[in-house]
Amino acid sequence: MFLALREMRRAVVRFGLLVAAIGLLVFLILFQQALQDGLLTSFVGAIRNQSAPVLVYSVDAQRTLQGSTIPPELERQVRGAEGVGRSARLNQSTFTIRIGEEGDSDAAIIGTDDQELVRPTTLTAGRRPEREGEAVGSDGDFRLGARVAVVGSPGVRPAEVTVVGLAEDLQLSVTPTLFTDLDTFRAASMAVNPGATAMLPNAIAVAPADGASAERVAASINSVAPDADALTRGDAADNSPGVAQVRQSFQVIFLLYGLVVPLLTGLFFLIITLQKAGSLTLLRAIGARASVLAGSLLLQVGIVMGLGLAVGVGLFYPLSRTGVGGLSLRFDATAVLAWSALLLGLGLLSALASLRRVLRIDPIEATSGPGVR
Amino acid sequence: MRLALRELRRRPGRFVVAASILTLIALLLMFLGGLLDGLIGSSTAAYRAQPGDLIVYSASSRESLVRSRITAETRAAVEATAGVEAIGGLGSLQVGARLGEDPGSRELVGTVLFGYELAPRGLPAEPPPTGEVVADSSLRSEGVSVGDTVLLGPQRSPLRVTGFVDDTRYSGQVSLWGSLDTWRAVTAANRPGQSPGDTVQALVVRTDGAPAAVAAAIDAGSGSTATLTLAAATEALPGVAQQRSTFNQIIGVTALVALVVVALFFALITVERTALYGILKAVGASGATLFAGVVTQALVVTGLAATIGVAGSLALDAVLPAGAIPFEVTPSRLITSVVLMLVAAIAGCAFSLRRVLRVEPASAIGTAG
Chain Y
651 MFLALREMRR
661 AVVRFGLLVA
671 AIGLLVFLIL
681 FQQALQDGLL
691 TSFVGAIRNQ
701 SAPVLVYSVD
711 AQRTLQGSTI
721 PPELERQVRG
731 AEGVGRSARL
741 NQSTFTIRIG
751 EEGDSDAAII
761 GTDDQELVRP
771 TTLTAGRRPE
781 REGEAVGSDG
791 DFRLGARVAV
801 VGSPGVRPAE
811 VTVVGLAEDL
821 QLSVTPTLFT
831 DLDTFRAASM
841 AVNPGATAML
851 PNAIAVAPAD
861 GASAERVAAS
871 INSVAPDADA
881 LTRGDAADNS
891 PGVAQVRQSF
901 QVIFLLYGLV
911 VPLLTGLFFL
921 IITLQKAGSL
931 TLLRAIGARA
941 SVLAGSLLLQ
951 VGIVMGLGLA
961 VGVGLFYPLS
971 RTGVGGLSLR
981 FDATAVLAWS
991 ALLLGLGLLS
1001 ALASLRRVLR
1011 IDPIEATSGP
1021 GVR
Chain E
-4 MRLALRELRR
6 RPGRFVVAAS
16 ILTLIALLLM
26 FLGGLLDGLI
36 GSSTAAYRAQ
46 PGDLIVYSAS
56 SRESLVRSRI
66 TAETRAAVEA
76 TAGVEAIGGL
86 GSLQVGARLG
96 EDPGSRELVG
106 TVLFGYELAP
116 RGLPAEPPPT
126 GEVVADSSLR
136 SEGVSVGDTV
146 LLGPQRSPLR
156 VTGFVDDTRY
166 SGQVSLWGSL
176 DTWRAVTAAN
186 RPGQSPGDTV
196 QALVVRTDGA
206 PAAVAAAIDA
216 GSGSTATLTL
226 AAATEALPGV
236 AQQRSTFNQI
246 IGVTALVALV
256 VVALFFALIT
266 VERTALYGIL
276 KAVGASGATL
286 FAGVVTQALV
296 VTGLAATIGV
306 AGSLALDAVL
316 PAGAIPFEVT
326 PSRLITSVVL
336 MLVAAIAGCA
346 FSLRRVLRVE
356 PASAIGTAG
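Sequence lines, in order, name chains Y and E.
Numbering-wise, the first sequence is residues 651 to 1023 according to this note's numbering.
Numbering-wise, the second sequence is residues -4 to 364 according to this note's numbering.
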């Protein structure tokens, strides 16, 4: 084994380059995994992490909350569908907001007339809203107690919202998000568009009646209301526009990166095994067992992969604490471990060709031939 | 040089695996680039097609077309600004469209209806009559032909397609181009709460002076506008700058991986050839000549990999179902990727330079054979 380690020390540039390449690839894979997770969470976190089991959009909205409008007749059909227990109106829009002396920014506000049915599932700080003008905000975007002014039309007094609670992964469309009651939402809308008369709900949130499943209720609503698009919470998040495209795009990227790592490792060890074939034959001739040589090879592969993984994770970790372009990234230990195990496995597998070469070395060739058949 | 090329011809097997890895990396670079171009292209094409130099939003809109409202008074103030040559209103409505005439269909296509006055590239100078639109040509892949009717929004507002225009998608959706009256009517019918009345969402301005100076003059004169150059307005569209910067970083690191792979592979080959280089030096070959051979081989292997990458990207573009992934192959992207790979190959070879130059003919010959 000490020969394996000494060889690595004496050819530090070559092994260093391999470690660097693997490290960069691991970093790219982990970064893009975090980017994918962050993108999906920021796109649809507010849908996935709210409590209503079923959301009903208008079919024309193509599963976007802001683009959906539920006219009174459709609302009546939804509320009357079999299996519908509790239901609530839901409105969402994007507003220009200002917090204290900070500049203007965008925020999505989601308002509902039943904050028991539609609320963030888990608070990380503070409490739920209890009166008009209070809201739960996406953490990372708001601080507890912040007074958020919704910038209105010229000459119109801004609507005010106080952040009384914070929740994780609550963004919608990569925008800071506030969950509040319908009156607060209406006040925000009127500040922007004081001439607005009627405000139709964007969606209806539904909880199934006792004994009914969310899937059955969604199917029941879709069957009685042709203009409704009822989806379970998970389906509403997974089928939001862009989500499937993001997933498919990243899968292709992961596949390509995943192929490069074992090919690179396999190529490297195959070449150096061929280069030192003569030395390996001599070692076999003076009594070194094939298993010892194979063990040395696997040790080197393991060390290179381990160092590469360490470099990749080391590069990724600080980045995961910052974020990219307003998108928060996360160091997901499970994902890091899963990728590490997969890449280590692929790296060891890639050494099979070299291993076969080593095991086929015939000691007698030391006296008569090139050493490797 | 000739020796290097001959080795490539005679012993291609030793370069196959390196070429395979570089091919995968080339594919990655081109796929990432194509993804970036597809995302940006389908988000911004409608803006890039605009015939003006400036886009004028209302000041409170934070440069968002949807939230911007330009009143008749503001428009008059903009029109009166020195340096403004022509002006046109622009309105947009994102809405689902039913293709065909079945109002009960649950199959919708995401569209953006634009109302325009100044004709964007490829569109008739005079907007189509009310109730008619010119559609982005990507709608053809959905089976829509000239003369077909599409039904827009929950009110199923019928619009007849009278023609097609290339490369005008917006926000990842198919664009439909009609008059401001068409836009106002469809918006009022389907979004009664957002009825634009006599306002427009933005103004497209053609200038006869320096655009930046005219933009400043417009904002100063109207007091209620935020005016951007067309390029700045395109870059300010949601997500565009972030996507560009993130993808470019990933592409940069991937190119770095290509560099390291070339460095690694040719470092290994150089070690293997130390004795050979010694002999060649002993018979008069210079270090520069030997290194040029290494670079030549790296360029040929990388060039081959890049060529396969180009073919793979074109094939991917051809087989990907429309709308599955926002992937777009452009000549400039392919050329950039190939150049990036070749530069990485040359830079990667630099790692072997020291070893090639330091080969000592006498000692190398001593170890040969």
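Glycine included, C-beta positions come from ideal geometry on N, C-alpha and C.
Item                                                                                                                   : Value
Check whether I16 of chain E and T249 of chain E have beta carbons under 9 Å apart                                     : no
Simplified DSSP state of S281 of chain E, which is helix, strand or coil                                               : coil
Cross-chain neighbours of G717 of chain Y in chain E, by beta carbon under 8 Å                                         : Q89, V90, G91
Buried/exposed call for T771 of chain Y, threshold 16 Cβ in 10 Å                                                       : exposed
Residue from E:R64, E:V11, E:R93 whose Cα sits closest to the Cα of S190 of chain E                                    : E:R64
CB contact below 9 Å: P891 of chain Y versus chain E                                                                   : yes
Distance, L965 of chain Y Cα to Q765 of chain Y Cα                                                                     : 42 Å
Endpoints, the alpha helix (DSSP H) within which G916 of chain Y is located                                            : 893 to 925
CB contact check: G750 of chain Y to chain E, cutoff 9 Å                                                               : no
Simplified DSSP assignment, three categories, for G364 of chain E                                                      : Here the model assigns G364 of chain E a pLDDT of 44, short of 50, so the residue's position is not dependable, and the following value carries that caveat. In the structure shown, G364 of chain E sits in coil (DSSP, three-state: anything other than H, G, I, E or B).
Per-residue contacts from Q895 of chain Y into chain E (C-beta, under 7 Å)                                             : I320, P321
Local Cβ density within 10 Å of G776 of chain Y, reported as buried at 16 or more and exposed below that               : buried
With 16 other Cβ atoms within 10 Å as the buried cut-off, status of R897 of chain Y                                    : exposed
Unbroken stretches of the alpha helix (DSSP H), 4 residues or longer, contained in the region 162 to 209 of chain E    : 175 to 185
Nearest to L352 of chain E (by Cα), restricted to the options E:A310, E:G304, E:A280                                   : E:A280
Contacts of F918 of chain Y in chain E (Cβ-Cβ under 8 Å)                                                               : L259, L263
Counted within 10 angstroms of its Cβ, other Cβ atoms place L1025 of chain Y as buried (16 or more) or exposed         : Because chain Y in this structure spans residues 651 to 1023, residue 1025 of chain Y falls outside the shown range and cannot be described.
Length of the line joining the Cα atoms of V51 of chain E and A207 of chain E                                          : 12 Å
Any chain Y beta carbon closer than 9 Å to N243 of chain E                                                             : no
For P770 of chain Y, the residue or residues it bridges with in DSSP                                                   : Y:Q700
Proximal residues, the region 129 to 149 of chain E versus chain Y, C-beta separation under 9 Å                        : L147, G148, P149
Proximal residues, the region 210 to 226 of chain E versus chain Y, C-beta separation under 9 Å                        : S219
Burial state of F693 of chain Y, where buried means 16 or more other Cβ atoms lie within 10 Å                          : buried
Within-9 Å CB hit, R664 of chain Y to chain E                                                                          : yes
Residues near Q150 of chain E by beta carbon distance below 6 Å, same chain, minus five either side                    : A184, N185
Residue(s) in a DSSP beta bridge with R93 of chain E                                                                   : E:L103, E:L146
From E:G167, E:D203, E:V129, residue whose alpha carbon lies closest to that of G173 of chain E                        : E:V129
Endpoints, alpha helix (DSSP H) assigned at I16 of chain E                                                             : 8 to 43
Segment limits, alpha helix (DSSP H) that includes D888 of chain Y                                                     : 883 to 888
Same chain only: Cβ atoms within 6 Å of F346 of chain E, ignoring 5 sequence neighbours per side                       : A258, A262
Run of the alpha helix (DSSP H) containing P326 of chain E, from where it starts to where it stops                     : 326 to 353
Outcome for S327 of chain E when other beta-carbon atoms lying within 10 angstroms are tallied against a minimum of 16 : exposed
Selection from E:Q244, E:A313, E:L348, E:T229 that minimises the alpha carbon distance to D48 of chain E               : E:T229
Alpha carbon of S990 of chain Y to alpha carbon of G695 of chain Y, nearest angstrom                                   : 27 Å
Element boundaries [alpha helix (DSSP H), containing S990 of chain Y]                                                  : 983 to 1000
9 Å Cβ cutoff, S240 of chain E in contact with chain Y                                                                 : yes
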